[in-house]
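Novice: This is the structure, below, for whatever I ask next.
2 protein chains.
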Amino acid sequence: MADALPKYLQIAKDLQRQIEEGTLKAGDRLPTESELAARWKVSTSTVKDALSELRKSGRVQTRPREGTFVLPRRRPLTITLNDRELDMPQVPAESRMGGGEGRAFRQEAERQGFQATWDLPEVTVGPAEPWQLEAFGLPPDQRVQIVQRKQRRFIDGEPNSLQYSYFTLELALKAPLLLNGEDIEQGHVAYLAELGFVQVGYLDEFDARPPHRDEAEFFGLSRDSLAVIEHSRTAYDQDGKPFRLTVTVYRPRSNKIRFYAGKVPPSVLEGS
Amino acid sequence: MADALPKYLQIAKDLQRQIEEGTLKAGDRLPTESELAARWKVSTSTVKDALSELRKSGRVQTRPREGTFVLPRRRPLTITLNDRELDMPQVPAESRMGGGEGRAFRQEAERQGFQATWDLPEVTVGPAEPWQLEAFGLPPDQRVQIVQRKQRRFIDGEPNSLQYSYFTLELALKAPLLLNGEDIEQGHVAYLAELGFVQVGYLDEFDARPPHRDEAEFFGLSRDSLAVIEHSRTAYDQDGKPFRLTVTVYRPRSNKIRFYAGKVPPSVLEGS
DNA sequence: GAGTGGTCTAGACCACCGG
DNA sequence: CGGTGGTCTAGACCACTCG
């Protein structure tokens, strides 16, 4: 035979095939590592390599001390980055959403037939880290306190994304609801607009990276799972000054991130 | 001590620290696996786990039979998704770029002080796969041939991204340069516009996933490295019909993908 | 030929949960 | 308590490069 695949990839491929063919269905537990090792006459380490490979495909989830399970194929939540309100200057500032935060998250989810929920935000205050200073356009040696609002967001009850919003303490003192560990009914963008900090534009950036330990725990990802997608948004006020930084960490495969330009058929944009 | 980290994470963390502190500099080879095993008094398997973890941070690269090397910190290429020309209808169709393809790739790279090069495209023709039919808005049972143009793109001589452009054979017969394994001087978008297929809008979607074997090879990623970012663009013509599909696979950490809305200070947009 | 990482063996012990 | 995957041992052999 010509250049046989390593055993661990053969095992991974065979399991993948069984999942695709439906022999292993969503929610099923895969054979245990020792069963697979016996069946394939390999050591358990080789099986562990195979399962590690499978986890990276995003089709299975390993829960320590329980086993490895086939994940259901869920319809992903579509996150559209374009902010229709922002693109239409005639809409009053009070009704601008800011895309992806608070009410906008629920509205988008419901339009797509999902139920969106979230925990109360955890508010913490601390000295700025270098990357935060850079995002706020401040010199690297500036001493400034940053307010972090961290929120866990769920779709149909399942962990979907983690959102961190950052503000300077200086701003938060003028907008004290930011310091409350409670929802801001109208959303950050509208609340700040009421106080005169209007978001006239924003810049989004993306990266993919392995999850941190707490993110892996929240999303139920064990070792060697998929990368998460990190989406940073820097919001600018009327003076072109960055006044809000939002970092959203998405669970892989549960979200579809999209952006459009020019004329795209409405049916495409609406179809989930 | 309280809940010590597993050894393999301790080792990874120590190496990471040495890289950050500069004890290990860009281009340096890390100690070999057996050296690390001896130094930490652990088995080589534990060291392999540690290096696997380190590779996921994107700071090192393992080259089989050579060793593990510290990667230089390169300034990433910024890919801006907004198409300024498309957003300005007064610009004639012939000069629209399409963002990220051919000339636009070189222009953007040079503006940021990089040198962009690419291989000649590899053209292949074959039956449509289901996801391609879906992207082109065709029924799943339709029999149609798809032309693939695959191009390897480099920044400063290093592998940067892989771009696959897809067209129906029907379209390619009306635009025969698409079937040539040569560059299209003016770019796909302009060439097709000349022939009456004007891109009036597009829809971008993102995902992060582990690299395929050939992608890992092209990017020089070995086992357990970072995820690649996949960017799909579906382009629509005047009739709202999708006529071009482009999939770009980006090397992680070498690219910064961005998008803006509303008014963002020009200095931010220009600053690479 | 020496040295490298990729693959693999044949286990071991542990913490944790309720299959 | 039994069974699970996470961590780890102490190696082995291989294909390949030339550090």
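Read top to bottom, the protein sequences are chains A and B.
Start counting the first sequence at 45; every next residue gets the next number (the working numbering).
Start counting the second sequence at 45; every next residue gets the next number (the working numbering).
Backbone N, C-alpha and C define an ideal beta-carbon position, used for all residues, glycine too.
With three or more C-beta pairs closer than 8 Å as the rule, is the stretch 196–205 of chain B touching the stretch 252–268 of chain B?
Specialist: yes
Novice: Where DSSP assigns a beta bridge to H275 of chain B, which residues make up the other side?
Specialist: Translated into the one-based positions of the second sequence, residue 275 of chain B becomes position 231. BP columns for H275 of chain B point to B:F250 and B:T292.
Novice: Thinking L223 of chain B and V191 of chain B are a contact (beta carbons under 8 Å), I'd like their distance in whole angstroms, please.
Specialist: For the purposes of this step, residue 223 of chain B is identified with residue 179 of the second sequence, where counting begins at 1. For the purposes of this step, residue 191 of chain B is identified with residue 147 of the second sequence, where counting begins at 1. Their Cβ separation, rounded to whole angstroms, is 6 Å, which keeps L223 of chain B and V191 of chain B in contact under 8 Å.
Novice: Output, in chain order, the set of chain B residues within a Cβ distance shorter than 7 Å of F303 of chain A.
Specialist: For the purposes of this step, residue 303 of chain A is taken as the residue at position 259 of the first sequence. Near F303 of chain A (Cβ distances below 7 Å), the residues of chain B are L125, D248 and F303.
Novice: For L313 of chain A, collect the residues of the same chain with a Cβ closer than 8 Å to its Cβ; drop the 5 residues on either side in sequence, then sort them by chain order.
Specialist: Residue numbering aside, residue 313 of chain A sits at position 269 when the first sequence is read from its first letter. For L313 of chain A, where only same-chain residues beyond five positions count, the Cβ hits under 8 Å are T124 and Y304.
Novice: Residues in the same chain with beta-carbon distance under 7 Å from G71 of chain A, minus the five sequence neighbours each way, listed in chain order, please.
Specialist: Within the first sequence, residue 71 of chain A is the residue found at index 27, counting from 1. Cβ within range, chain order: F113, V114 and P116.
Novice: Please classify L239 of chain A: is it buried, with 16 or more other beta-carbons within 10 angstroms of its beta-carbon, or exposed?
Specialist: As a working note, residue 239 of chain A is residue 195 in the first sequence. Looking at its Cβ environment, which holds fewer than 16 other Cβ atoms inside 10 Å, L239 of chain A is exposed.
Novice: Taking a cut of 7 Å between CB atoms, which residues from the stretch 47–67 of chain B lie near chain A?
Specialist: Of all residues in the stretch 47–67 of chain B, none has a C-beta nearer than 7 Å to a C-beta of chain A.
Novice: Is there a C-beta anywhere in chain A that falls below 7 Å from the one on I273 of chain B?
Specialist: In the second sequence, residue 273 of chain B corresponds to position 229, counting from 1. Chain A contact via Cβ: present.
Novice: Mind checking if Y280 of chain A is an interface residue toward chain B, Cβ cutoff 7 Å exclusive?
Specialist: Residue mapping note: residue 280 of chain A aligns to position 236 of the first sequence, counting from 1. Answer yes: the Cβ-Cβ gap between Y280 of chain A and chain B drops below 7 Å somewhere.
Novice: Taking Q189 of chain B as the reference, which of B:Q151, B:R267 and B:E214 has the closest Cα?
Specialist: As a position in the second sequence, residue 189 of chain B is number 145, starting the count at 1. Closest by alpha carbon: B:E214.
Novice: State the beta-bridge partners of N299 of chain A as determined by DSSP.
Specialist: Taking the first residue of the first sequence as position 1, residue 299 of chain A is located at position 255. BP columns for N299 of chain A point to A:L121.
Novice: When you compare only the Cα positions, how much space is there between D163 of chain B and H232 of chain B?
Specialist: For the purposes of this step, residue 163 of chain B is identified with residue 119 of the second sequence, where counting begins at 1. For the purposes of this step, residue 232 of chain B is identified with residue 188 of the second sequence, where counting begins at 1. Between D163 of chain B and H232 of chain B, the C-alpha separation is close to 16 Å.
Novice: In angstroms with no decimal places, state the Cα-to-Cα distance between P165 of chain B and D93 of chain B.
Specialist: Residue mapping note: residue 165 of chain B aligns to position 121 of the second sequence, counting from 1. Residue mapping note: residue 93 of chain B aligns to position 49 of the second sequence, counting from 1. Roughly 38 Å between the two C-alpha positions.
Novice: Quick check: the Cα distance between P255 of chain B and D248 of chain B, rounded to an integer number of angstroms?
Specialist: Sequence index remark: in the second sequence, residue 255 of chain B carries index 211 (1-based). Sequence index remark: in the second sequence, residue 248 of chain B carries index 204 (1-based). Between P255 of chain B and D248 of chain B, the C-alpha separation is close to 20 Å.
Novice: Judging by CA-CA distance, which residue of B:R147, B:P171, B:P184 and B:R267 is the nearest neighbour of P108 of chain B?
Specialist: Stepping through the second sequence from its first residue, residue 108 of chain B is reached at position 64. Nearest Cα to P108 of chain B within the set B:R147, B:P171, B:P184 and B:R267: B:R267.
Novice: DSSP three-state call for K100 of chain B: helix, strand or coil?
Specialist: On the second sequence, residue 100 of chain B is found 56 positions in, with the first residue counted as 1. Here K100 of chain B sits in helix by DSSP.
Novice: Can you find a CB in chain A that lies within less than 7 Å of the CB of P7 of chain B?
Specialist: Given a span of 45 to 316 for chain B in the structure shown, any question on residue 7 of chain B remains unanswerable.
Novice: Given this structure, state the Cα-to-Cα distance separating V293 of chain B from A148 of chain A, to the nearest angstrom.
Specialist: Locating residue 293 of chain B in the second sequence gives position 249, where the first residue counts as 1. Locating residue 148 of chain A in the first sequence gives position 104, where the first residue counts as 1. In a straight line, the C-alpha of V293 of chain B is about 30 Å away from that of A148 of chain A.
Novice: Distance check for Q207 of chain A and Q195 of chain A, CA to CA, integer angstroms please.
Specialist: Reading the first sequence from its first residue, position 151 is the one you call residue 195 of chain A. Reading the first sequence from its first residue, position 163 is the one you call residue 207 of chain A. If I take the Cα positions, the gap works out to 5 Å.
Novice: Does DSSP put P184 of chain A in a helix, a strand or coil?
Specialist: As a working note, residue 184 of chain A is residue 140 in the first sequence. DSSP places P184 of chain A in the coil class of the three-state scheme, outside both helix and strand.
Novice: Helix, strand or coil for R83 of chain B? Go by DSSP, reduced to three states.
Specialist: Within the second sequence, numbered from 1, the residue matching residue 83 of chain B stands at position 39. In the displayed model, R83 of chain B falls within a helix according to three-state DSSP.
Novice: Anyone know if the C-beta pair for F287 of chain B and F241 of chain B falls short of 7 Å?
Specialist: Looking up residue 287 of chain B in the second sequence gives position 243. Looking up residue 241 of chain B in the second sequence gives position 197. Contact flag set, yes.
Novice: Apart from the five residues on each side of it in sequence, which residues of its chain come closer than 6 Å, Cβ to Cβ, to G181 of chain B?
Specialist: For the purposes of this step, residue 181 of chain B is identified with residue 137 of the second sequence, where counting begins at 1. Counting only residues of its own chain and dropping the five nearest sequence neighbours on each side, G181 of chain B has a CB closer than 6 Å to the CB of P286.
Novice: Looking only at C-alpha atoms, which of A:S311, A:R103, A:A179 and A:D227 sits nearest to P296 of chain A?
Specialist: Translated into the one-based positions of the first sequence, residue 296 of chain A becomes position 252. P296 of chain A has its Cα closest to that of A:R103, out of A:S311, A:R103, A:A179 and A:D227.
Novice: I111 of chain B: which of B:L221, B:E79, B:K85 and B:R119 sits nearest, CA to CA?
Specialist: For the purposes of this step, residue 111 of chain B is taken as residue 67 along the second sequence, with counting starting at 1. First, the amino acid is wrong: residue 111 of chain B is Gly here, not Ile. Residue B:E79 is the option with its Cα nearest to G111 of chain B.
Novice: For R73 of chain B, which three-state DSSP category applies?
Specialist: Sequence index remark: in the second sequence, residue 73 of chain B carries index 29 (1-based). R73 of chain B: strand per DSSP, three-state reduction.
Novice: Taking the continuous alpha helix (DSSP H) assigned at I190 of chain A, which residues delimit it?
Specialist: As a first step, residue 190 of chain A must be located in the first sequence, where it is residue number 146. It is not in any alpha helix (DSSP H) - I190 of chain A instead sits in the beta strand (DSSP E) that spans Q189 to I199.
Novice: With DSSP as the reference, label R26 of chain B as helix, strand or coil.
Specialist: The requested residue 26 of chain B does not occur in the structure, where chain B is confined to residues 45 to 316.
Novice: Would T88 of chain B be called buried (16 or more neighbouring beta carbons within 10 Å of its own) or exposed?
Specialist: Taking the first residue of the second sequence as position 1, residue 88 of chain B is located at position 44. T88 of chain B should be labelled exposed.
Novice: Starting from the beta carbon of G245 of chain B, find every residue of chain A whose beta carbon is closer than 7 Å, and list them in chain order.
Specialist: The residue you call residue 245 of chain B lines up with position 201 of the second sequence. Per Cβ cutoff of 7 Å: Y304, A305, G306, K307 and V308.
Novice: Mapping DSSP to helix, strand and coil, what is V114 of chain A?
Specialist: To locate residue 114 of chain A, count along the first sequence from 1; it is residue 70. Here V114 of chain A sits in strand by DSSP.
Novice: Say whether chain A places a C-beta atom closer than 7 Å to the C-beta of K92 of chain B.
Specialist: The count along the second sequence starts at 1 and reaches residue 92 of chain B at position 48. So no, K92 of chain B is outside the interface.
Novice: In the DSSP assignment, the beta strand (DSSP E) including F17 of chain A goes from what residue to what residue?
Specialist: For chain A, the structure presents residues 45 to 316; residue 17 of chain A sits outside this window and is missing.
Novice: At least one CB of chain A closer than 7 Å to the CB of G264 of chain B: is that the case?
Specialist: For the purposes of this step, residue 264 of chain B is taken as the residue at position 220 of the second sequence. No, its Cβ sits nowhere closer than 7 Å to a Cβ of chain A.
Novice: Out of B:Y52, B:S209 and B:R150, which has the shortest C-alpha to C-alpha gap to F198 of chain B?
Specialist: If you number the second sequence from 1, residue 198 of chain B lands on position 154. Ranking B:Y52, B:S209 and B:R150 by Cα distance to F198 of chain B puts B:R150 first.
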